[in-house]
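Going by my numbering, the letters in the sequence shown line up with residues 24 to 507, in that order.
Beneath this line is the structure, given in structure tokens, with notes to follow.
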Amino acid sequence: MKKFFYFLLLVLLVLIVVVLVRTFSATSKQVEVAQAPPVPVSDSAIVHLQKAIQFKTISTEAGTADTAAFNGFRAFLQQAFPLVHQHCQLEIISGQSMLFYWKGIDANIKPIILVGHYDVVPVEEESLPLWKADPFAGAIIGDSIYGRGAVDDKGSVMAILEAIEQLLRENYQPQGDVYLAFGHDEEATGQQGAKVLVPLLKQRGINPAFVLDEGGLVTAKEIPGVTKPVALVGIAEKGYVTVDLSINIPGGHSSMPAKETAIDQMSKALLRLKENPFPADLNHTINAFMDYMGPEMPFVQRMAFANRWLFSPLIKNIYSSRPGPDAMIRTTTAPTIVHSGVKENVIPTVANATVNFRTLPGTTVDDVVKHMKEVIDDDRVTIKARSNNSSPQAVADVNDHFFTYLQQCIRSWRNDVVVSPYLVLGATDGRYYTELTPNVFRFIPFNDVKGFHGTDERVGVDEYKKGIAFYYGLLRNWKGGSGR
Ligand SMILES: [Zn+2]
């Protein structure tokens, strides 16, 4: 008995030693670089962004609504960025999307592609009184520029153009080719923009070193236990899979209901989906996140992240308890539309439902349908995936030279931030670009303020100027390099 106790004690001691060794050997993955010198940014940049917001380039599900606003925006760019238009070739795709080509000195250097979009989501009528400023006025209140698109994503498009205009003022020519691809329908799934643009680039044999699109931002206080701001760089994004369900059971008069009706069975199907979610999975992207964030965290989190072999059930439990973190570790299931019935005393024959899944890299549209069939387990329910679904599988490699380059750019731009890879939960145009390279990074150099797609979208005046400096440095320091 005593022997057994000593044996247990020994096992426990070994376990503690292993856990501690692993905890303390997980050292910081942040690169040390010198701070970049300040970049001259004129106040006209602020006026430009204010003006950009005033064009109501609103995307609707059916496509772009106000053609004049889109044309007006592009005409305004010509006037605001004369050097860009003089030195870069501009091609218009699908009548509205823009592809700029800035020729580099050395044709042997792989090109880079900076991606953005200049369409915006609408402002809900009911939310208008809640805005501090007219969402399409571009007003400055306090130290911020307010308006739809200030961050997502006119802020990024305009900052990229400001950076290049400034580089051209300095007679700078890039080492390698640079493409700017600005979509006009990202908020309506990019069907006419990125989805058309990318095959065109592919057909032309353009093989970029990396692509930088919107996605992560600099967040503060979003990550529990981390006091420094964190620049989240998306290395992959979740897939977007919508599936329609339908069931047909002859109805009848509601005074004599059958044992099973279309509504009953559809309700059961939806309940089964809810009760049988996709399993939690500490996938590659969340592992990369923990590798980078772990060493920056307080002891307990650091220990858990460094010892996933032991703590992964605990991590999964904690992550599963809140919607945001939960979405990082599993393919989510969300019924979004239910429809059946026309009259209060008639049992409907048909019930329809729509379920929206956001898939982890590694899960395909077919996997979703298979999971649904198994879980619903009722042959009468037809399950049909929509044709515009996408489940992008590509994950950029954080051990690659290009991620390191981006990390250096971010750290020399702001050495107070910690850089970490992560999984983008929403869909971006970036997913189309994975056809060209797996190195699609998703990051914009602004702070994560609330207001994306919601009320009071805004960017700080100084912060916006700083964002321009980020793109300036990224373009100026790029000298090629080979990935793995
Ligand atoms: Zn966006």
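Where is the CB? At the ideal position from N, CA and C, for every residue including glycine.
| Item | Value |
| --- | --- |
| Own chain residues within Cβ distance below 8 angstroms of K488, not counting five before or after | V64, A68 and I69 |
| D175 Cβ short of 6 angstroms to ligand 1 heavy atom set | yes |
| Endpoints, beta strand (DSSP E) assigned at D287 | Run containing D287: none in the beta strand (DSSP E); it sits in the alpha helix (DSSP H), A285 to E298. |
| The segment 252–271 / the segment 495–504 touching (three or more Cβ pairs under 8 angstroms) | no |
| Distance, M320 Cα to I229 Cα | 40 angstroms |
| Spatial neighbours of V421 in its chain, beta-carbon cut-off 7 angstroms, leaving aside the 5 residues before and after | I258, A311 and P444 |
| One or two residues paired with H140 in a DSSP bridge | G206 |
| Beta carbon of A408 nearer than 7 angstroms to that of V388 | yes |
| Enclosing beta strand (DSSP E) for F30 [first to last residue] | Where F30 is concerned, there is no enclosing beta strand (DSSP E), although the alpha helix (DSSP H) it sits in stretches over K25 to S48. |
| E148 to Y455 span [Cα, whole Å] | 32 angstroms |
| Length-filtered (3 minimum) beta strand (DSSP E) runs lying within the segment 405–449 | 405–408 and 441–447 |
| Start-to-end residues for the alpha helix (DSSP H) that takes in I337 | Here the sequence assigns Leu to residue 337, which means Ile is not the residue at that position. R331 to S343 is the extent of the alpha helix (DSSP H) around L337. |
| Exposure of R507, with buried meaning 16 or more beta-carbon neighbours within 10 Å | Only weak support is given to the placement of R507: the predicted model assigns it a pLDDT of 41, under 50, and the value that follows is read from those uncertain coordinates. So R507 ends up on the exposed side. |
| Heavy atom of ligand 1 within 6 angstroms of D237 beta-carbon | A small correction: the amino acid at residue 237 is Glu; Asp does not occupy that position in the sequence shown. Yes, the beta carbon of E237 sits closer than 6 angstroms to at least one heavy atom of ligand 1. |
| Rounded straight-line distance, which links the Cα of D400 to that of T220 | As written in the sequence, residue 220 is Leu, which differs from the Thr given in the question. Computed Cα separation, rounded: 41 angstroms. |
| Close beta carbons around Q198, own chain, < 7 angstroms, minus the five adjacent residues each side | G127, I128, D129, I132, W501, K502 and G503 |
| Residue from I136, I81, I135 and A103 whose Cα sits closest to the Cα of Q119 | I81 |
| For L122: DSSP bridge partner residues | E114 and A204 |
| Spatial distance of G347 from V447 (CA atoms) | 11 angstroms |
| Rounded distance between the beta-carbons of N368 and S277, thought under 8 angstroms | 5 angstroms |
| Where the beta strand (DSSP E) through G239 begins and ends | F233 to T242 |
| Whether E188 touches V107 by CB criterion (7 angstroms) | yes |
| Cα-Cα separation, F334 to E298 | 25 angstroms |
| Residues that DSSP places opposite H362 in a beta bridge | N375 |
| Beta-carbon contacts of Q416 that lie in its chain and below 6 angstroms, excluding the five residues immediately before and after | P384 |
| Beta bridge counterpart(s) of Y263 as assigned by DSSP | R381 and S413 |
| DSSP three-state assignment for N131, whether helix, strand or coil | coil |
| Q109 versus N94: straight-line alpha-carbon distance, rounded | 19 angstroms |
| DSSP state of P222 mapped onto helix, strand, coil | helix |
| Pair within 7 angstroms by beta-carbon distance, D330 and V42 | It is worth fixing the name first, because residue 330 is Asn in this sequence and not Asp. Closer than 7 angstroms, so yes. |
| Whole-angstrom C-beta distance between W436 and A59, which should lie under 8 angstroms | 6 angstroms |
| Stretch-stretch touch, CB-based, cutoff 8 angstroms, three pairs: the segment 205–216 with the segment 161–173 | no |
| Helix, strand or coil at R465 according to DSSP, with G and I counted as helix | strand |
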